[in-house]
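First up is the structure itself, then whatever we jot down about it.
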Amino acid sequence: MKDIYVDDFDKLKHGERRLITNGRLEIGVFRVKDAIHAFLNVCPHQGGPVCQGRVMPRVEEHLSDDMKSVGMSFSDDEFHLVCPWHGYEFKFQTASHVGSSSISIRRYATKVVEGRVYVSV
Amino acid sequence: MDEARDVPEFRSFGGNEPLSTESDTREMLRNAAKYRDQKKLNDYFIVDLDTHHIETGSWNEIVEFIEDPILREEALSAKRKPESRLGPVLFHANGGMFSQSVSGRIPHSNLASGEPRDDLSVHGDVVPLRRAMDSFGIDRMVMFPNALLQVGTHPNVKVEVNLAFAYAKFMTEVVLPGDPRLKTMALLPFSDPDACVRMIDMYGDHPSVIGFTITSVRHNPVHDNKYMRVYRMLEERGLPLSFHAGYNWQDGYLRQLDKFLTMHAISFVLCNMVHMTNWVMHGLSERFPKLNVVWIESGLAYVPFLMQRLDNEYLMRQSEAPLLKRLPSEYIKEMFHCCQPMERTNLKLLEATFEAINAESQLLFSSDWPHWDFDSPSIITDLPFVSEQGKRNILGENARRIYKKL
Ligand code: FES
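Protein chains in written order, with the numbering used here: chain D, 1 to 121; chain E, 1001 to 1406.
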């Protein structure tokens, strides 16, 4: 296991990413709010470049007390990584597909030491 | 990454930006190119029976080829002034045509790609198609348009006929000469059988027109007697007839489905189910036994459903379908089915489907690139229950067997 320096925490804004490769592995390192997440750039669906997809807030549907749908909105708290090949959406928190927890992308451990972001490979 | 002196072997890539509508197809499909090499896909002869040529961006060139002077003038009115902001006149897209990318989540699915096109020796539309063929390891790409697949719902038959001919001329004179690997199955202006005959006469011998297509989004019963000479002509010439599915959000039941997802899921299957049912139960397979019929872009899961459903009802009401000499499913088993979008969330069901449709000899690979639900060739090589020869057949040899011009 080796810690790879990625960038300074302050240089990554919410929703931004750093894409790094050693020619064999491709890893996307994301800042979402104040957390850092790193994933392999391979989607479990058909192998698409999931880390090169958009970061999108979760779409939520709201129900009234009597179970009527009262519309949809974007979440302020939950964000997803969307694979650009076919749109599978993965939760940053769990690395699993929003609609099926058995489908996951590969996560790498990250840490921030003295303002520097590292991913463990 | 400039400061990453401690780990010099890692570097940045992709500009740290998500892929977009402007991205180069080769970058979008970089992972596909890796699988092409890992899985040795270049050792297979791969025919993609369904790719989409994005006609949207070339609309004003296509309409130049319209034969009817009145319609041509109408279509060209959009470009009388260079600064005209008029949309593509005569472009007949059902609602939702531009909602394919799920609000930009799936950028390659946008219908007007801003991808840079560097090779000026060919028409600009050829460039992204070549990049896709090379990335996937595809040897022949058979192209269909997008909105033009819905032209059969235009209330003016003249528009359907004129656009079908204009598109065939544009493709054969402008796009197809750009790469010998590119092919098409010309659209039959099916609302007008005389025009269908003329289309087959004009393009039946063209080396890049490998067959003809009925765009399935329409309300023309395929067993109508007026079409028999069209089918006879194709059978005599050994040219396959394909049915390319599409959606029609305006259609009765589908108007209740208010999400693109739900409408798309049902609509692409429904149109082909209706035509397949009429084809089989009116004995068209008995009448034209040598005509190869190909069903495109409805996935596969619907086929065993329809086989069972029709068999079950046929056995109780055989007198309504006297031309049949066998069970409906036996005719469907002899047809050809394109796999995309291949439903594979339950591999056991998929395996049963493969068995039901005789996939090793009847299934044809299709990608549907660049649409949002495309399949890459590795979905076939990755299947655990198909023989190596079966994979070769599905990826290209089955197509080569029935399409003589491949
Ligand atoms: S490869 Fe990621 S969604 Fe299909």
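Ideal Cβ positions, reconstructed from N, Cα and C, are used throughout, including at glycine.
Since this is a predicted model, take the numbers as computed values, not measurements.
Buried versus exposed, by CB contacts within 10 Å (16 or more), residue i
i        : result
N1393(E) : buried
S100(D)  : exposed
H1219(E) : exposed
K125(D)  : Absent from the model: residue 125(D). The displayed extent of chain D is 1 to 121, so no value can be given.
T1262(E) : exposed
Y1044(E) : buried
R1036(E) : buried
M1281(E) : buried
G1396(E) : buried
D1125(E) : buried
K1391(E) : buried
P1088(E) : buried
I36(D)   : buried
V1269(E) : buried
S1267(E) : buried
R17(D)   : buried
H62(D)   : exposed
D7(D)    : buried
K2(D)    : exposed
Closer than 7 Å at the beta carbon, the chain D residues around residue i
i        : result
S1376(E) : Q46
P1107(E) : P84
E1009(E) : N22
Beta-carbon spacing of residue i, residue j below 8 Å
i        : j        : result
T110(D)  : V119(D)  : yes
T999(E)  : M1143(E) : The structure shown does not extend to residue 999(E), since chain E is modelled only from 1001 through 1406, so no value can be given for it.
D1050(E) : R1130(E) : no
A1078(E) : I1066(E) : no
F92(D)   : F74(D)   : no
L1294(E) : W1279(E) : The sequence as given places Val at residue 1294(E); Leu does not occur at that position. For V1294(E) and W1279(E), no; Cβs fall outside 8 Å.
V1127(E) : D1119(E) : yes
L1148(E) : L1163(E) : yes
I1357(E) : V1303(E) : yes
G1283(E) : P1240(E) : no
C1338(E) : E1297(E) : yes
F1098(E) : W1059(E) : no
H86(D)   : W1372(E) : yes
V1197(E) : V1175(E) : no
I105(D)  : L25(D)   : no
G28(D)   : C51(D)   : yes
G47(D)   : P84(D)   : no
Under 9 Å by beta carbon: chain E residues contacting residue i
i      : result
V32(D) : Those within 9 Å of V32(D) in chain E number zero; the least Cβ separation is about 14 Å.
Chain D contact residues for residue i, given Cβ-Cβ distances below 8 Å
i        : result
D1373(E) : H86
R1030(E) : P49
Y1035(E) : G47
I1379(E) : Q46
G1407(E) : Nothing can be reported for residue 1407(E), as the shown portion of chain E is limited to 1001 through 1406.
Amino acids of chain E, ordered along the chain, whose beta-carbon sits closer than 8 Å to that of residue i
i      : result
E26(D) : F1013
V98(D) : Going along chain E, no residue has its Cβ under 8 Å from V98(D), so there is no contact; the nearest lies around 12 Å.
V42(D) : N1031
Chain C contact for residue i (CB, 8 Å cutoff)
i      : result
R18(D) : No chain C is part of this structure, whose protein chains are labelled D and E.
Closer than 7 Å at the beta carbon, the chain E residues around residue i
i       : result
I105(D) : Near I105(D) there are no residues of chain E at all, since even the closest Cβ is about 13 Å away, more than 7 Å.
Segments of 3+ residues assigned as beta strand (DSSP E) that fall wholly inside the region 1041-1077 of chain E: 1047-1052
Members of the region 53-76 of chain D near chain E, C-beta cut-off 7 Å: For the region 53-76 of chain D, the set of positions with a beta-carbon nearer than 7 Å to some beta-carbon of chain E reads G53, R54, M56 in chain order.
Alpha helix (DSSP H) runs wholly inside the region 1166-1250 of chain E, at least 4 long, in chain order: 1193-1203, 1228-1237
Cβ-based contacts, 9 Å cut-off: residues of the region 1014-1028 of chain E near chain D: G1014, G1015, N1016, E1017, P1018, L1019, S1020, S1023, E1027, M1028
Whole runs of the alpha helix (DSSP H) within the region 1303-1372 of chain E, excluding any shorter than 4 residues: 1328-1332, 1347-1356, 1359-1362
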